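Step one of this worksheet: look at the structure below.
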Amino acid sequence: MPRRRIELNDHIAHLTILDEKGAVDKKLDPHLPPALLLKLYRAMVRGRRFDERLLDLQRQGRIGTFPPTSGQEAAQLGAVAVLQPEDWMVPAFRETAAEVWRGRSLESVILAYGGFSEAASLDPPGPTLPVSIPVGSQMLHAVGIGWAARYRGEDRVALTFFGDGATSEGDFHEAMNFAAVFRAPVIFLCQNNQWAISIPRTQQTRSPTIAQKALAYGMAGIQVDGNDILAVYAAVAEAADRARAGGGPTLVECETYRMMMHTTADDPKRYRSEEEVEGWRRKDPITRFEIYLQRRRLLTKAKIAAIAQEVLEEIQAAVDAAEAKMRTIGDPVTIFDHAYAELTPALRAQREAFQAEQAAATKEGSDA
Amino acid sequence: MPRRRIELNDHIAHLTILDEKGAVDKKLDPHLPPALLLKLYRAMVRGRRFDERLLDLQRQGRIGTFPPTSGQEAAQLGAVAVLQPEDWMVPAFRETAAEVWRGRSLESVILAYGGFSEAASLDPPGPTLPVSIPVGSQMLHAVGIGWAARYRGEDRVALTFFGDGATSEGDFHEAMNFAAVFRAPVIFLCQNNQWAISIPRTQQTRSPTIAQKALAYGMAGIQVDGNDILAVYAAVAEAADRARAGGGPTLVECETYRMMMHTTADDPKRYRSEEEVEGWRRKDPITRFEIYLQRRRLLTKAKIAAIAQEVLEEIQAAVDAAEAKMRTIGDPVTIFDHAYAELTPALRAQREAFQAEQAAATKEGSDA
Amino acid sequence: MPKLTMVQALNLALNQEMASDDRVIVLGEDVGMDGGVFRVTDGLYAAYGRQRVLDTPLAESGIVGMSIGMAIYGLRPVCEMQFSGFVYQAFHQLEGHAARMRWRSQGRYHVPMVLRAPYGGGVRALEHHSESREAYYAHTPGLKMVIPSGPRNARALLVAAIRDPDPVVFFEPKALYRAYREDVPQEEEVLPIGKSQTVREGGDLTIVTYGAMLRPVLAAATTLQEQSGAAAEVIDLQTIAPLDDSLFVASARRTGRVMIVHEAPRSFGPGAEIVARLVEKAFYHLEEPIVRVTGYDVVFPLFARENSYLPNADRVLRTARRLIAA
Amino acid sequence: MPKLTMVQALNLALNQEMASDDRVIVLGEDVGMDGGVFRVTDGLYAAYGRQRVLDTPLAESGIVGMSIGMAIYGLRPVCEMQFSGFVYQAFHQLEGHAARMRWRSQGRYHVPMVLRAPYGGGVRALEHHSESREAYYAHTPGLKMVIPSGPRNARALLVAAIRDPDPVVFFEPKALYRAYREDVPQEEEVLPIGKSQTVREGGDLTIVTYGAMLRPVLAAATTLQEQSGAAAEVIDLQTIAPLDDSLFVASARRTGRVMIVHEAPRSFGPGAEIVARLVEKAFYHLEEPIVRVTGYDVVFPLFARENSYLPNADRVLRTARRLIAA
Ligand SMILES: Cc1ncc(C[n+]2csc(CCOP(=O)(O)OP(=O)(O)O)c2C)c(N)n1
Ligand SMILES: Cc1ncc(C[n+]2csc(CCOP(=O)(O)OP(=O)(O)O)c2C)c(N)n1
Ligand SMILES: [Mg+2]
Ligand SMILES: [Mg+2]
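Here it is, written out as structure tokens:
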């Protein structure tokens, strides 16, 4: 009767398959088809190179602030690779590599970080939501989407991304709880990149892992080496199977690292050491995957070089296209577009006034 | 390396000391002094009888809506009994018995449910916050208070109450996380009374216990029989000791039951069965405590009757005083009081206009 | 035609929309088994089951955020906030996502959801249960803000809100929930969102109002006419945003005298925008300063004083007399 | 006197208040080690340690709710919201508690806290980082809403906000953070909350504005004078609520012509209240309809178009010319 220990129904596991040195646990290898492995490799490289190029553009003032993804390629791509085209992806803001995997064009990304709302109109109609900036807020949309899919009897899962910092927001809690209560087919993918701007993971929460937060919701949870694309794939595949089978949501914590600055407006030297970054560089997700693919004879030095080259060309083409579009994208009167399905009377009047202002400004300009 | 189970640092226990039949676990009995035991007994009875009287008043239209506490006396009083006078109590809205223990007068309660803001001015200056209605929102105030006490080097803890429903709010999560991160001396006391209006505990969250939610924050957590006042006292005392020793916050889940309606505006027959209520009636916190006290020869039948009588007289006196005050409380211009430290110019003007309106209305009345 | 209370009329709207469109999903705290704390969703759970009427955990952001996801998927969620004083817990979901998804995705996604909430004073409620803060939502680009003033238009506006392709915040004046009955046709009736209505004609004075204030305004207008022969034109906004200024501007041009009546606090309240529109569009016709009869800039008092806080027929009448005498 | 940017001036205010009053505690996301994403709290962590400068977890309601508790205990928390677009996550704490505790407890407790947040457009930021929604707070009884317009008054108003016994929402126009430097005395300087300021005198036209809009307004006023000889009186509100209408009413009575300029969306925006006050207090002196030059009723555009959205000197000037010509 008195003080008895409560047994928990669930437990939390940690999963690694491909270690830092490229050694693979044969028993756990999910044995992905070679074509998929190569596609993932290329996507990882593209993600990394695209970041570098965006940083250049930003430093030259050709685009505005953006959040780099470098270091997190495995966590992002290992997860989205599990999805079917009809499955939903609900991103935060640092999932560029995953968005591109899902069909967003590099051009759209550049245009958006160039400050043009029109970027979104380049995006395919597929089930991938736009970037969501208020931290943690998007996770609930995945719950609603997952619930709706089940209501419709459609075999779709919703994968939502968020960071370690996001786990502190009330919305994280509400989303996890709603998903568990309604057994929504949702995969909660936490990219624990160890930092939320300047706040380290250990100051974000006192729980030793993020994965164990699943216990608060009676939900499955797992921690994986997020720089191990095979482990990420395996864990997310298991979560997706569970969701499709009606087993409800899963929290997948990917331990990874943000190799670059938070955004281009941030200076990480103010709060973290170069040694720490160096330590994580040795755990790079691309390097170890490259070793693995070479050992499996799916990659050669020549092939690596060729892919690098192709990726750079793809990026260059996108930059050219985006910059051309930025120069000609036309009239700022588009700020009135898509406010509502139909312009309200006030907006019609404001739009007219705006155009009159534009005309007056142009006239003054030519008068002067 | 591969899939290894993560060992949790903490575990969750369940505590019962005094069972439904009044049998006590001698080893665990906290051995409270007789005077305190009797004071608690009287407070429990007063809580129960006051509820009944408030319900009468409400049904007669003499006061407005209020939330009864019946059934939860042990959870409330066992907890506040641990506090020192300088410790803080941060209530939700269903802690009338605890508020009265902390010094709030019955008259203030009646006046407040009679719709008069002035009620608060009857309350002692002591560290007990007013009722907080937005569910879950008050818990964060306890964190700030606890943090401030530590900052000031003052040996004070903050005890905050909330319900099972409140655990779904984002604010619950943020409060638990902040308290754990800042090691604030806070006791989170969940009165799990099995219902949040019409929503049963099992639909509120899928975690088998509320106590285990502590694991998500790296915080101590314990589940107690909330109708067992000795267990509540023991668990809260342990939590208070931990907090004072710098060990941070504790989540205490008290399993109890809301014996009456949610508020007087609610009809529980719409969503729960009479059998369920009956089942819990057998676990009544007062009954078992009465048996315990009788067995310890601290109470006799005569003493029980005397206490019942005294309590009724105390309540009657409060009703009389409150009703007298309601009749004479004066001018509604007090709605402008305490808006800010000083009235703003707009409020000064509005207050004048209000008084002019009142004068005009009175004049019209007498003209008519 | 059956005579219905506003609660029954709203229930009719929900019931009929659910019957004819399986995209319509009702969710919120206690909306299922309990039928909602005001019984607006009564019977829906029995009729449509827990797949279409969701009793949610107690978390407003969860409810609104989940509704946004449902709406994006193609459903038409109608979520209930138990009181308008608890929408703030979800304000970031409304402002940050519901209001923006159409624009953010350039029309790829949109959020056809309705957020229903009882609002306003008059039912002797606890703290946080009586406020009128429609201005917050009216000032939020991307949202629509609707407030009915009686059973019949409540029903017809709720139907329109459910069918609207954009997110609608729908505030129900709870003082009117059971205040009186009105003929409400069983057949479909829809009132357009974004249109105000002239509910009483008159040439001497224009009174602009909405929600529960319409009744005291009409009472005052009747008394005014009886006592002084002066005829007040009364305009019921019905939609707060997008604000339809056409009727009140036209009326003000005729009468030259305008009073605005609302429960919300005065400063930065909805009345201010109405004044601004009138100044912009009827300035040269105004004979007297526009007058606002509103709640005060204080926290809504506990209920013993709510009648002192709320505008009432007497205050409206006295103000009207002064305005006409001027 | 040292020439400081607004960031430095705000930092000075915080630093001096922390030095002289150990009740002052700074908390928020990244305010410690990092010195805040705009560096307003730079150096405070080093100077006062982690007992007084708290890097919090990423949760706005947590930050505001914890601040409320601290303030109740007797401290003077100054919390930072990283951007004003994320205050909504904490809106219920502000509206539900900070604004009400004094009233609810009948003066037993009060909440002397400051909520600081960068707001407004002009720095090529991402979505949610450029909005102006001061009207939400101005319409909330129990809150004060302050917006400085330059380094010097930013410092002096922040000091006043920290010392104020009531909760103050303090919005910092981030376009001005590093836009220019101003003489800011090292010695204490305090500006009263609730007072507007005439920053340019003139008899032909009154322009009411605040925050980052003051500079384009002043530029337009100068050009106007140069080009047409017309003199605009410019009033800087500094406090939005409680609104000080004394100066702009007096000015309007003299000029008869008024323009209001703000970044916030037009409908139900702060300008509407200013119009309403003018109608109430200066009606018979108005010669022309009051004109609002504001942001539009749309989601703040991504930054390539922010200059099209924001009022600028040209728009103000053209509007002023029309107003004077009328
Ligand atoms: C609600 C909210 N608060 C604050 C911010 C500002 N902000 C943007 S990203 C960020 C840190 C996010 O950390 P994490 O969730 O770990 O994601 P990461 O940036 O590491 O990918 C902050 C504080 C925001 N965007 N939204
Ligand atoms: C934020 C918020 N949402 C909704 C409500 C309406 N409401 C009042 S009490 C309650 C249920 C609370 O349940 P629980 O936390 O278990 O406490 P109990 O009533 O059982 O004591 C609800 C939904 C509220 N007061 N605040
Ligand atoms: Mg992170
Ligand atoms: Mg409960």
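Residue numbers (our numbering), protein chains in the order written: chain Y, 6 to 373; chain D, 6 to 373; chain Z, 109 to 434; chain V, 109 to 434. Ideal Cβ placement from N, Cα and C applies to all residues, glycine included. The structure presented is a predicted model; accordingly, all values stated were derived computationally and were not measured.
- If you check the C-beta of ASN198(D) against ligand 4, you find a heavy atom less than 7 Å away.
- Distances between the C-beta of PRO139(D) and the heavy atoms of ligand 2 include at least one below 7 Å.
- Here ASN197(Y) is bridged, per DSSP, to GLU260(Y).
- With a cutoff of 7 Å, GLN159(Z) does not count as near ligand 1, since its C-beta is closer than that to no heavy atom of the ligand.
- DSSP places GLN314(D) inside the alpha helix (DSSP H), whose first and last residues are 306-333.
- For the pair ASP272(Z) and GLU295(Z), the Cα-to-Cα distance works out to about 19 Å.
- Secondary structure remark: continuous beta strand (DSSP E) runs of at least 3 residues inside the region 277-345 of chain V, in chain order: 305-308, 313-317 and 340-344.
- For PRO397(V), no beta strand (DSSP E) run applies, since DSSP gives it neither H nor E.
- Nearest to GLY52(D) by C-alpha distance, out of ARG67(D), PRO39(D), LEU33(D) and PRO72(D), is PRO72(D).
- Comparing alpha carbon positions, the residue from LEU33(Y), MET49(Y), LEU20(Y) and PHE55(Y) closest to GLU318(Y) is PHE55(Y).
- When secondary structure is reduced to three states using DSSP, LEU410(V) falls in the coil class, being assigned neither helix nor strand.
- Short note on GLN143(Y): C-beta not closer than 7 Å to any heavy atom of ligand 1.
- Inclusion of GLN197(Z) in the 7 Å shell around ligand 2 follows from its C-beta lying nearer than that to a non-hydrogen atom of the ligand.
- For SER169(V), at least one C-beta of chain Y is nearer than 8 Å to its own C-beta.
- The beta carbons of VAL114(Y) and THR101(Y) sit about 6 Å from each other, so the pair counts as a contact at 8 Å.
- Taken in chain order, the complete alpha helix (DSSP H) segments of 4 or more residues contained in the region 65-94 of chain D are 78-85.
- In this structure, the C-beta of GLY170(Y) approaches ligand 3 to less than 7 Å from one of its heavy atoms.
- Taking 7 Å as the cut-off, one finds no heavy atom of ligand 1 near enough to the beta carbon of ILE215(Y).
- About 6 Å separates the Cβ atoms of GLY250(V) and ARG208(V), confirming a contact at the 8 Å cut-off.
- Buried is the label assigned to LYS330(Y), since at least 16 other Cβ atoms lie within 10 Å of its Cβ.
- In the three-state reduction of the DSSP assignment, GLU371(Z) falls in the strand class.
- Every unbroken stretch of the alpha helix (DSSP H) spanning 4 or more residues and falling wholly within the region 141-176 of chain Y is given here in chain order: 144-156.
- Neighbours of GLN228(D) across chain Y, judged by C-beta separation under 9 Å: ILE11.
- Among the residues of the region 349-372 of chain Z, none has a Cβ less than 9 Å away from any Cβ of chain D.
- The C-beta of LEU112(Z) comes no closer than 8 Å to any C-beta of chain Y.
- Counting C-beta atoms within 10 angstroms of its own C-beta, ASP138(Z) has 16 or more neighbours from the protein chains shown and is therefore classed as buried.
- At a cut-off of 8 Å between C-beta atoms, TYR196(Z) counts as an interface residue with respect to chain V.
- For the pair LEU194(D) and ALA84(D), the CB atoms are nearer than the 8 Å cut-off.
- The C-alpha of LEU60(D) lies about 21 Å from the C-alpha of TRP285(D).
- Distance check between GLY193(Z) and each of HIS205(Z), ALA154(Z), GLU203(Z) and HIS237(Z) places HIS237(Z) closest, using alpha-carbon atoms only.
- Close partners of ARG275(D) in chain Z (Cβ separation under 8 Å): MET141, ASP142 and GLY143.
- For ARG210(Z), the CB stays at least 7 Å from every heavy atom of ligand 2.
- Boundaries of the beta strand (DSSP E) around ARG184(V): 184-188.
- For SER137(Y), the closest Cβ of chain D is not nearer than 8 Å.
- Straight-line spacing of the CA atoms in ARG413(Z) and THR113(V) works out to 49 Å.
- Contacts with chain Y (Cβ-Cβ distance below 9 Å) from the region 147-172 of chain V involve ASP163, THR164, PRO165, LEU166, ALA167, GLU168, SER169 and GLY170, listed in chain order.
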